[in-house]
Amino acid sequence: MSLTLETPLSGDKTKNLRVGDIVYISGIIYTARDSAHKRIVEEGAPVDLNRAVIFHAGPIIKSSEDGYEMVAVGPTTSTRMNPYEPSVINMGVGGIIGKGGMDKATSQALVDNEAVYLTAVGGCAAHYVKSVLGVRDVHWLDLGVPEAVWELEVEKFGPLIVTMDSEGGNLYEKVKKRRTAQAQQYSACQG
Numbered sequence: 001m002s003l004t005l006e007t008p009l010s011g012d013k014t015k016n017l018r019v020g021d022i023v024y025i026s027g028i029i030y031t032a033r034d035s036a037h038k039r040i041v042e043e044g045a046p047v048d049l050n051r052a053v054i055f056h057a058g059p060i061i062k063s064s065e066d067g068y069e070m071v072a073v074g075p076t077t078s079t080r081m082n083p084y085e086p087s088v089i090n091m092g093v094g095g096i097i098g099k100g101g102m103d104k105a106t107s108q109a110l111v112d113n114e115a116v117y118l119t120a121v122g123g124c125a126a127h128y129v130k131s132v133l134g135v136r137d138v139h140w141l142d143l144g145v146p147e148a149v150w151e152l153e154v155e156k157f158g159p160l161i162v163t164m165d166s167e168g169g170n171l172y173e174k175v176k177k178r179r180t181a182q183a184q185q186y187s188a189c190q191g
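Once you know that position 102 of the sequence shown is 102 in full-length UniProt numbering, the rest is easy, because the numbers rise by one and skip nothing.
Encoded structure:
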């Protein structure tokens, strides 16, 4: 299934998504990396996270008299956010965009909050930036440009693959189990 979802991502929008579905996001998304996640947990979010979409990304930004221009934006590895992500999701987040998957605690937080983890393809920052209509705001610029929270308006941002769903489905775990079974079969044949 392939569809475009409008932010904010209510549970009605996310609860029927399943691992393997292809989605595009339109509306507002927020970038947040390690330092921003840590600060969100310690101090609270600078934006309303209720059913929001967080993108694990460190964008390349150009500033001008008119504001900011997004030059490139692609996913960063999500596992670095594992220590903070369950707490952040429990603030009401509806979706996370990143790459590489996340841990079991994050998966449980997704289930508890009818939220989803969406994988963006690494190396496609020039593609993804084409869906960014503009930078609406920036928060915590003191963390540095890549670590700041950037509020982006996007249209048909994607494609994104549902890799962790609100029912506990996890594409990464499925692939890992299949790979382990195939390795065991191969070892048995070699024995």
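Glycine included, each C-beta is placed from N, C-alpha and C at the ideal position.
Residue i Cβ short of 7 angstroms to the ligand ZN heavy atom set
i, result
"THR79", "This structure lacks the ligand ZN, and indeed carries no ligand of any kind."
Neighbourhood of residue i by C-beta distance below 6 angstroms, restricted to the same chain and skipping five residues each side
i, result
"ILE96", "ILE54, TYR117"
"GLY27", "GLU6, THR7"
"THR138", "Note on identity: in this sequence residue 138 is Val, with Thr being the wrong assignment. Same-chain partners within the cutoff: ALA148, TRP150."
"LEU171", "VAL19, THR163"
"SER10", "ARG51"
"TYR68", "ILE61, VAL135"
"VAL73", "ALA57, PRO59, ALA125, TYR128, VAL129"
"LEU49", "MET91, GLY92, VAL93"
"LEU143", "SER35"
"ALA105", "PRO86"
Residue i - partner residues in DSSP beta bridges
i, result
"HIS139", "VAL149"
"GLY134", "GLU153"
"LEU118", "ILE97, VAL162"
"GLU6", "SER26"
"ALA36", "Looking at the DSSP assignment, ALA36 forms no beta bridge with any residue, so it has no partner."
"ASN170", "MET164"
"LYS62", "GLU69"
Sequence-distant residues of the same chain with beta carbon closer than 8 angstroms to residue i, five excluded per side
i, result
"VAL71", "PRO59, ILE60, ILE61, LYS62, VAL129"
"LYS99", "HIS56, PRO75, THR76, THR77, SER78, THR119, ALA120, VAL121, GLY122"
Other residues of its chain near residue i: CB distance less than 7 angstroms, five sequence neighbours each side excluded
i, result
"LYS15", "GLU114, SER166"
"LEU110", "ILE89, VAL116, TYR117, MET164, SER166"
"GLY169", "ARG18, VAL19"
"TRP140", "ALA36, ARG39, PRO46, ALA148, VAL149"
"GLU155", "SER26, SER131, LEU133"
Extent of the continuous alpha helix (DSSP H) to which residue i belongs
i, result
"GLY11", "11-14"
The beta strand (DSSP E) enclosing residue i, as first and last residue numbers
i, result
"VAL129", "Counting along the chain, VAL129 falls outside any beta strand (DSSP E), and DSSP gives it neither H nor E."
"VAL53", "53-55"
Cβ-Cβ separation, residue j to residue i (assumed contact under 8 angstroms), whole Å
i, j, result
"ILE161", "ILE22", "6 angstroms"
TODO: Could you name each continuous beta strand (DSSP E) segment of 3 residues or more that falls completely within the region 66-116, going from the start of the chain to the end?
DONE: Every beta strand (DSSP E) stretch that sits fully inside the region 66-116 and reaches 3 residues is listed by chain position as 67-72, 95-98.
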